[in-house]
Structures are given as structure tokens and as C-alpha cells.
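**Q** Have a look at this one before I ask anything.
Residue numbers (UniProt numbering): 1 to 271.
Now the structure itself:
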């Protein structure tokens, strides 16, 4: 379905609409609602699943103005979407970029969120020097996406070390991931980097201690950077559990969907 949200058209997909328990899924950079297709088949029908194409991604609008992609705008958009869907008690799950949106949302609007699940995500960069350097890198990549086009970008992006473990997946799955990336629009990806890249968002490290809901951190064994970030987050959060999945990298939901779905089911059983 398409929802009109603060001047933009957002694409939202819902499964098991009559169920009462609800989980909201936010994909990562270059992703869409399609990234969750395998996970959806492994979750029980008793859970309503709501997946959202974030701004500039999938079938959601991709504005030309990069300031519309700022994290505060994404928080406001997500609040408006959830209000339109009349959600007042749900689990919020985000992967990578979507995890940063989810965490930012919980810091702004803690009411209504029962559990927060963060897959390979972070609270941002701690220092302004780090943020400046990352903004410069993200702006350079954004310019390159616009100049060289989506295919050239994806050819390079799928070969960065962060996704090396995905080379072990079947060719069908690798092609599916590639198709999802190729389907994106240059302006949407470029402005996502400029507006809500890790360097553009404010650090949330100092806000973690105030989050009182259960937080579930999921990282892959081969993704050392995000394993370490999750480990540090766990020491600050009031109520956190860290799942560390063997033999996979950054995208656990793609590389081991069965284990990933099991974690989600565990979250609901624990509640």
C-alpha cells in the first residue's frame, strides 16, 4: 500500500493484517521491503509484519532536496506512518541504516515500542572529527553514484569487505540481493548518504542509558566492527541482550534467515 506522509508517498507492505502482535521492519541502505521476504515466511501468522520502504528507497518517493532525508525528518515520517496505522504497542526492528532510524525513533518516541531489535547497527559516531570525515566520504560516494549511475555503484558496493561473506551464499540469493540494489534510484541513494548517513546524524551514545525497553542486538561473527559496537552498547543500555551469530557477516537476515527468525520468535516468547 502507499501512504501519504508529510508530503511524500511511502510504500508499506503488511502481512498477517488481522494479528494483534506487531513487528515493524526497517531495511538498510540500498534495501527495500523485499529484503525481508524470506524472514516473513519463517515467522508465525500470529505476528502482524509491517515493512516500510524508507525515503529514497524501493517504491517510496525520492525527493531531490537532500535536507528532506535528515534523521529528524525520518523520525517524523515514521511517527506519522505508525500513527496512520494506529500502532500503539509494537516491536521495532532495524537493519544497519534502518537500525539507526529505529534507535533514533526510540530515543525520540519511547512510548509504544515494546522491544527494539537492532541488526548490525550503531548509535552513530562519537566525535565531531569522526562525523566530519564520514560526511566527506559519504558526500564523495553520493557524487559518484550520481555521476556514474546505479550499476557502476552496485558493482563496487557488493564487493566492499563488509559484504565479503555474502559471496558464500547461493548464486540465486546473491542475484536477488543485487536485483534489489540495482532497482534503486541514484538520487535516493545519494541523498540518503547526504541526509542520514552515519556522519550526518547526531551521536546517540549519550542517550542509550535512558532507554528502558528491552533491546536485542544482533551481529555476525565475521563483522568484527559491529560486534564490538554492539558489545559496547550492551554495557550502557539498561536491558540488552546480544546475539552473536556464527559464520555470517553484516546481513544476518540474508545470510542465516532461519536463525534470524528464531531470534525474533524468542523475543515474542520472552514477552
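Backbone N, C-alpha and C fix where the C-beta goes; we use that ideal spot for every residue, glycine too.
Less than 7 Å between the C-beta atoms of residue 204 and residue 237, yes or no?
**A** Cβ atoms of residue 204 and residue 237: not closer than 7 Å.
**Q** If you scan the segment 36-73 from start to end, which runs of the alpha helix (DSSP H) of 4 or more residues do you find wholly inside it?
**A** List check, alpha helix (DSSP H) in window: 37-42.
**Q** Could you check what DSSP says for residue 97 in three-state terms: helix, strand or coil?
**A** Residue 97: helix per DSSP, three-state reduction.
**Q** Let's test the definition: count the other Cβ atoms within 10 Å of the Cβ of residue 97 and tell me whether it reaches 16, buried, or not, exposed.
**A** When all chains shown are included, residue 97 counts as buried.
**Q** Return the residue from the list 22, 252, 15 that minimises the CA-CA distance to residue 41.
**A** Ranking 22, 252, 15 by Cα distance to residue 41 puts 15 first.
**Q** With DSSP as the reference, please indicate the residues paired to residue 4 in a beta bridge.
**A** Answer is 9, bridged to residue 4.
**Q** Looking at the structure shown, is residue 29 part of a helix, part of a strand, or coil, going by DSSP?
**A** Three-state result, residue 29: coil.
**Q** Since residue 323 is in the alpha helix (DSSP H), which residue starts that stretch and which ends it?
**A** Residue 323 cannot be examined here, being either before or after the span of the chain that is shown, 1 to 271.
**Q** Relative to the C-alpha of residue 313, which candidate in 264, 245, 265, 266 has its C-alpha closest?
**A** What the structure shows of the chain is the stretch from 1 to 271, and residue 313 is not part of that stretch, so it cannot be assessed.
**Q** Quick one: Cα of residue 194 to Cα of residue 177, how far?
**A** Computed Cα separation, rounded: 23 Å.
**Q** How is the alpha helix (DSSP H) around residue 173 delimited, first residue to last?
**A** Start and end: 171-182.
**Q** Closest to residue 64 by CA distance: which of 192, 214, 231 is it?
**A** The residue with the shortest Cα to Cα distance from residue 64 is 192.
**Q** Grab the span of the beta strand (DSSP E) containing residue 115 for me, first residue to last.
**A** Residues 113-119.
**Q** Does residue 224 pass the burial test, meaning 16 or more other C-beta atoms within 10 Å, or should it be called exposed?
**A** Under this definition residue 224 is an exposed residue.
**Q** Tell me which same chain residues have a C-beta within less than 8 Å of the C-beta of residue 84, skipping the five on either side of it?
**A** Excluding residues within five positions, the ones whose Cβ falls inside 8 Å are 3, 5.
**Q** What did DSSP end up calling residue 221 once you bin it into helix, strand or coil?
**A** Of the three classes helix, strand and coil, the one that applies to residue 221 here is coil, per DSSP.
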